[in-house]
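Inspection log for the structure reproduced underneath, given as structure tokens.
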Amino acid sequence: MRCSGRAGSDWTRCTTPILLSSPDLAVFKPFLPRTRVQVDLLMTHFTDKVVLITGAGGGIGRHYALEFARRGARVVVNDLGSDVRGESGGEDSAAAVVREIEAEGGTAVSNTASVTDREGAASIVRTGLDTWGRIDIVVTNAGILRNRTLKNTNLDDMTAVLNVHVLGTLNVVYAAWPYLYAQNSGRIVLTSSISGIAGAFGQSAYATAKMAMLGLMNSLALEGQAHGIHVNCIAPGAATRMTALETALGIDAENPEPDFHPKLIAPAVLYLASGAAPNGVVLHAQGGKFWRTKTVRNRGVDLGTDATFEELAEHIEPIMDMTAMDDVQPAM
């Protein structure tokens, strides 16, 4: 085995040939060749890593918590216990997931704070620190839906969606960042959506919030890279209690079709949270299919510093042509 690592980092690289049939590597199978390969052992398991997951009392968040725990992680299961609109309190779903994890021999603790409250978000981080003395991975999964067209919605509902998805994410990440920064390592997985990337009818607030995650990811990936912090996004496609009640797709959250099963998002999230994770990447996951989604632009047309409306109109075809594309580079 060959090992190397960066001073001060907890993600040490050790490589050895491993057969992909190993059960410990099953979560990474979609991302690796189906042959004998060099696999980074310490970068592909989560033993004793402390993982904070918001909105983990049900749906895809629950599956994240279970899968991390099955691989040796210690999990802070956060869930407010509200309904899908974020309105009424419900059962202590976070504690229920903790019991599931413990029944399987795993280690977890619950937290019922709201991510929209700054102190509540900070308490999620403190729960990990007080219980295990550190945090390693943050997965911001908490969210609500209030689907309405712009004509039929109201600003209160739109603000509620933005508060949970945008401010809630910022509150948790802001609270965790100093600790990840100080220990020179960490992984953050934000939750975006194809609804944000491509749009969705009746989801203007939700889509706005989910596209905001790409801007946050891109900026924090730049800020964290010199300090061992990688920030990525998951864009999940799954049937959950939230999507079942807020869409007209006839989704059965209790018995989801294979193409919409929430457990099939977990492989991508675990990969994005692993030591082998990239930085500043969006993965779209649905039904066992995985795609990378990225922002590109075409080659453009240089009309010079005296460009006019008329000149632009004359050259609009090559300006709109997406035949040749380049990555969009960070703003200077």
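1450 is the number of the first residue of the sequence shown in the numbering used here; add one for each residue after it. Where a beta carbon is used, it is the ideal one built from N, C-alpha and C, also for glycine.
Check: Pairwise C-alpha distance: residue 1673 and residue 1504; Outcome: 24 Å
Check: Euclidean distance between Cα positions of residue 1472 and residue 1727; Outcome: Reliability fails at residue 1472, whose pLDDT of 42 lies under 50, so the model's placement of it is uncertain and the value that follows must be treated cautiously. Their Cα atoms are separated by approximately 22 Å.
Check: Reduced DSSP category for residue 1739 - H, G, I as helix; E, B as strand; rest coil; Outcome: strand
Check: Residue 1730 versus 1670, 1613, 1654 and 1758, residue with shortest Cα-Cα distance; Outcome: 1670
Check: Counterpart residues of residue 1559 in DSSP-defined beta bridges; Outcome: 1526
Check: Beta-carbon contacts of residue 1711 that lie in its chain and below 6 Å, excluding the five residues immediately before and after; Outcome: 1508, 1509, 1512, 1687 and 1689
Check: Same chain, Cβ closer than 8 Å to residue 1663, five either side skipped, listed in chain order; Outcome: 1641, 1645, 1646, 1682, 1731 and 1744
Check: Contained beta strand (DSSP E) runs [length at least 3] in the stretch 1639-1690, N- to C-terminal order; Outcome: 1678-1686
Check: DSSP state of residue 1635 mapped onto helix, strand, coil; Outcome: strand
Check: Residue 1612 to residue 1753 span [Cα, whole Å]; Outcome: 42 Å
Check: Whole-angstrom C-beta distance between residue 1502 and residue 1527, which should lie under 8 Å; Outcome: 6 Å
Check: Where residue 1512 sits in the DSSP three-state scheme; Outcome: helix
Check: Check whether residue 1524 and residue 1570 have beta carbons under 8 Å apart; Outcome: no
Check: Rounded C-alpha distance that separates residue 1558 from residue 1588; Outcome: 15 Å
Check: Short Cβ contact (8 Å threshold) for residue 1618 with residue 1665; Outcome: yes
Check: Check whether residue 1648 and residue 1658 have beta carbons under 8 Å apart; Outcome: no
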